[in-house]
Amino acid sequence: MQSVDGAWEFWIDRGGTFTDIVGRRGGGALVTHKLLSESPENYADAATAGIHALMERYGAGLIAAVKMGTTVATNALLERKGAPTVLAITKGHADALRIGHQNRPKIFARSIELPEPVYARVVEIDERVGPGGEIIAALDEGAARAALTAAYGEGFRAVAIVLMHGYRFTAHERRVAEIAREIGFPQISVSHEVSALVKLIGRGDTTVADAYLSPVLNAYVENLRDALGREVPLFFMQSTGGLADARAFRGKDAVLSGPAGGVVGMVETALQADFDAVIGFDMGGTSTDVSHYAGSYERTHETVIAGSRMRTPMLAIHTVAAGGGSICRFDGMRLRVGPQSAGAVPGPACYGRGGPLTVTDCNLMLGRLRTKFFDPIFGPHGDAPLDRAIVVEKFAALANEVAATTGKPAAPEEIAESFLAIAVENMAKAIKQVSIERGHDVTRYTLVAFGGAAGQHACLVADRLGIKRVMIHPLAGVLSAYGIGLAHMRIVRERTIGVRIGESEAALAKAVDELAHDARTALLAQNVAFDRVDIVATADLRYEDVDAVLTVPFGAEREMGAAFEAQHRLRFGFNAAGKRLIVETISVEAIGIARKYHDGGALPVSSTKTPAAHVRARMGGADHYTPIHERDALTPGAGISGPAIIRETIATTIVEPGWRASVDAQRNLILERVVALPGRIALGTNVDPATLEIFNNLFMAIAEEMGLALQNTASSVNIKERLDFSCALFDRNGELIANAPHIPVHLGSMGDSVRTIIDARGDARDGRGLKAGDVYVLNAPYRGGTHLPDVTVIMPAFDETGTLIAYIAARGHQADIGGMTPGSMPPFSRHVEEEGVLIDNFLLVDEGNFRETELRALLASGRYPARNPDQNIADLKAQIAACVKGAAELRGLVRTYGRDVVHAYMGHVQDNAAECVRRVIDGLSDGAFACEMDNGSTIRVAISVDRARRAATVDFTGTSGQAQNNFNAPLSIARAVVLYVFRTLVEDDIPLNDGCMRPITMVVPEGSLLNPRYPAAVVAGNVETSQAIT
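Residue numbers for the sequence shown follow my numbering, so the first one is 282 and each next one is one higher.
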């Protein structure tokens, strides 16, 4: 791109709430502008309105380039406002994308609402290519032409072509695309061009999204060109973190267009400041995006957005629904923050448009934000200042409500500060997911804070993570826009390889060369000079029979293997000795190196730090007479001790007590903790509405981190792909405390398994007792199990003094545990031992020593031993690793808050759940029902409500007796169903824990279909009878 002396460049990030614009005229200084993304009464398009505002203020001129990140594609996907699209897919697979992976994102929703498909019509293409390229059915071109012509006649102008194995064997896809082109379709997306990767569902979803979104993007680009002038060079930020010429910008590359600019800005500015290990913390009005960088950009190759699975390279950005506009409320027991947002309209209460209390209002209430910091762009006419009076009024009313409900008086400022603590916990959790959970020690990292709201919370988030340094760039409030201006042009090309290391080094090199040529050619077509193109190749490696891939630099096979194993040990804590490595995918990136922008270099050092004013602001639980500093007045060398407020045109930074801010030679604010945090947070054991919400999140986070570890390291396809596993935390009595949103029948029954271990071995009843480093395993259906393939690993967790603090458990459906048929699901079993190896309270790890010899003997025992003990052992080790992770996280909580507080809140979260279920029971009436099953059995249930006790009895008396087939359902299943059903009746976001069962009494006759005795067969009871009960 040629520069034009004296001409403008504009770098724009159009976000959900605000649109940020950075402008530069010639070699002059940067200027910025921020405006609401939606203000239909004032302008039609925020980007063009902002450009005109800057040119009116600083002078009109030619426009050399506009570089933009936009939410146009994301919004079209979220709101289902893309182009009407027809899906052309191999015959017999018309509903494959609709079925997807059968996962339920909201497992407690009574009304299952699947995402609406983004395609409106399906055309089945009569053809079939096998996985090795063999032609099973030749392409029927006449039928394909007729079907596509009919779709065209119905008004469809976008087509997505997705054929079985088309990612590798492309002839049929290419011919169908030619036919569609001849018919006249203007938008044709072909899967091997869009996402040349194995797996039909992800490849298909990506191709459909590309066809659906590209016309919308093209229309927006054309409108923007009309508004700016057709001659203005226009570039867009892609989800990969690279720019693309507007003519090459596609729907599949646009869904993270805005956030990607923030990551690039974070990395480039941090490197200029000599920080090479950074965490990105981009907090805006609607959400917070977090990212990680330690020498290279991290990318993900599969992301689910608005129900669409996108298999295309994207920067690894984790988003949490916690922004300045996150709604703050009291639900009668807990203070809650998000996930709902006030958005741009009506916005926070202080916007003067009738909005609810939000995180922004909390900061305004506490004096951390001031009305004079903001231009008068609020109110119904867009010309009023922030309205603090309405915020004070709403917090006063909320304080009265909390006091009346809990019986504990609370000042409005205390409630506002509690809301901030909850929001900070949510954001810290998101950062852990991109850093600590992947094996990174964040204490050596710098937190780079940017986005309009990040500076207000950066010190608090850093404290929660143990990070001791925060960097805030001079343009932190618009860093996503600034990063778009600094970004390089990028093209990424990928290919599924699927070969073992050591078997095809020449073939790998050939694939890299072909992809590099393709990527370079595409970049040169966007007017990038040949000598400014760099090529970077990477490989995604995995262990054979394991799905978790890690990305390493492409090179000699031995070097790639060593890099993979180093990463694997860092992230998962172990390596699988003797397992073969698979090169799953090769990626090649062509980078068109942009000319560096220089902002004038280092400034002379001084120590100017005279505050502009002093105000009362609440920080750290106390009111402070707090200085306000104008950032523009601070010069390099200036040092400011917290508490302090640093304001600028586009952002506010809070320097918390114990922190010190300085300005470096590049004008960055560097915040450093100079007073050590206390080793333990002092909390009482009595329930507090804010702390209750925080511990709910902390306990659930432990289970979620366990689940991630198990999914990434297991061998069974049931665990790693079907996600048929569950992880949970239990108190010292075996009561369920928290779980990740996994399999309901597991979550409600695992407690019985834990209590089996306690009853048999607690208090040294077995003559040995429970010891640190012990792990037990069982699958016995009569002791909390469901069916034999569901194997539960249980670890007693001890603190650093050797005191038992909890139990950690992970249950996974293993691929085979023996039995009459492979897979351990025999259709005609009559005795439980015909279904596999029965494991009952087996000591799997003895004080840290894995008892493999004894385990192999157990798996080889019985009439029908396990068929693949190596895989069983691999899965069990993955489950153990998940439990070790959970125990370590729980010990961390005890170190931070103390054992008494952690145990108290294990009780409080159950009390919270119990009260929620009691509220449901208050609205129920007595009832009875009988379900006749196809096999002749009958399930009878009667529910009686005791309104005085606010309790219910669920009585299964009258249910058929234990059957001589395998439709018997263990008692733990009936308990899991009752727990699950009552949890679904709670229309709120509460954890599933044993508190839900406190108001419920169950009656299940022994020897019945729902409470069978040994040796009843149970394999169908877990999957069929359980559904009938539910």
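Each residue gets a CB set at the ideal place from its N, CA and C atoms; glycine is no exception.
Are the CB atoms of residue i and residue j nearer to each other than 7 Å?
i, j, result
"Val-479", "Thr-777", "yes"
"Ala-529", "Leu-358", "no"
"Ala-680", "Pro-661", "no"
"Met-1031", "Val-1056", "no"
"Lys-675", "Leu-638", "yes"
"Ala-508", "Thr-329", "yes"
"Thr-1177", "Thr-1234", "no"
"Ala-458", "Ile-442", "yes"
In whole angstroms, give me the CA-to-CA distance for residue i and residue j.
i, j, result
"Gly-1086", "His-573", "A small correction: the amino acid at residue 1086 is Ile; Gly does not occupy that position in the sequence shown. Their Cα atoms are separated by approximately 33 Å."
"Ile-293", "Gly-287", "19 Å"
"Glu-422", "Ile-416", "15 Å"
"Val-886", "Met-752", "Residue placement at Val-886 is flagged as unreliable, the pLDDT there being 44, under the threshold of 50; a coordinate-derived value is accordingly withheld."
"Ala-982", "Leu-335", "45 Å"
"Arg-861", "Val-780", "10 Å"
"Met-547", "Arg-823", "30 Å"
"Ala-1021", "Ser-1007", "7 Å"
"Leu-851", "Leu-831", "11 Å"
"Asn-1246", "Gly-1239", "19 Å"
"Phe-1210", "Leu-1273", "25 Å"
"Ala-762", "His-738", "21 Å"
"Gly-624", "Val-475", "33 Å"
"Val-571", "Phe-853", "21 Å"
"Asn-1153", "Ala-1244", "30 Å"
"Gly-1302", "Leu-1069", "11 Å"
"Arg-449", "His-473", "7 Å"
"Val-312", "Thr-819", "38 Å"
"Gly-635", "Gly-565", "20 Å"
"Gly-1325", "Gly-628", "Residue 1325 lies beyond the range of the chain shown here (282 to 1311); nothing can be said about it."
Is residue i helix, strand or coil when you go by DSSP?
i, result
"Phe-437", "coil"
"Ile-867", "strand"
"Ser-320", "coil"
"Gly-1093", "strand"
"Asn-977", "helix"
"Val-886", "Note that Val-886 has pLDDT 44, beneath the 50 cutoff, so the model's placement of it is unreliable and the number below is only indicative. Coil."
"Asp-1333", "This structure cannot settle anything about residue 1333, because the visible part of the chain is limited to 282 through 1311."
"Ala-1185", "helix"
"Phe-291", "strand"
"Gln-992", "helix"
"Ala-310", "coil"
"Gln-1308", "helix"
"Arg-592", "coil"
"Glu-337", "helix"
Where does the unbroken beta strand (DSSP E) through residue i begin, and where does it stop?
i, result
"Phe-562", "559 to 564"
"Ala-1233", "1232 to 1236"
"Ile-909", "903 to 911"
"Asn-1020", "1017 to 1020"
"Met-616", "Just to set this straight, residue 616 is Leu in the shown sequence, not Met. Per DSSP, Leu-616 belongs to the beta strand (DSSP E) from 616 to 622."
"Phe-225", "Within the shown structure, residues of the chain are numbered from 282 to 1311, placing residue 225 beyond reach of any answer."
"Ile-370", "366 to 371"
The alpha helix (DSSP H) spanning residue i covers which residue range?
i, result
"Arg-839", "838 to 853"
"Pro-1312", "Only positions 282 to 1311 of the chain appear in this structure, which leaves residue 1312 out of reach."
"Ser-472", "472 to 475"
"His-769", "Segment: none, His-769 is in no alpha helix (DSSP H) and carries neither H nor E."
"Ala-1163", "1150 to 1178"
"Asp-744", "735 to 746"
"His-804", "Rather than His, the amino acid found at residue 804 in this sequence is Leu. Where Leu-804 is concerned, the enclosing alpha helix (DSSP H) stretches over 786 to 805."
"Arg-462", "452 to 464"
Using a C-beta cutoff of 7 Å, does residue i count as contacting chain B?
i, result
"Val-817", "Annotation note: the requested chain B is absent from the structure, which comprises a single protein chain."
State the CB to CB distance for the pair residue i and residue j, rounded to an integer number of angstroms; the pair is presumed to be in contact (CB under 8 Å).
i, j, result
"Val-440", "Val-347", "Contact flag wrong, Cβ pair sits at about 31 Å."
"Glu-405", "Ala-452", "About 18 Å separates the two Cβ atoms, so there is no contact after all."
"Val-1285", "Phe-1237", "5 Å"
"Leu-958", "Ile-927", "Not confirmed; about 22 Å, so no contact."
"Ala-941", "Gly-923", "With the sequence shown as reference, residue 941 is identified as Arg, and Ala is not the correct amino acid for it. Indeed they touch by this definition, with Cβ atoms about 7 Å apart."
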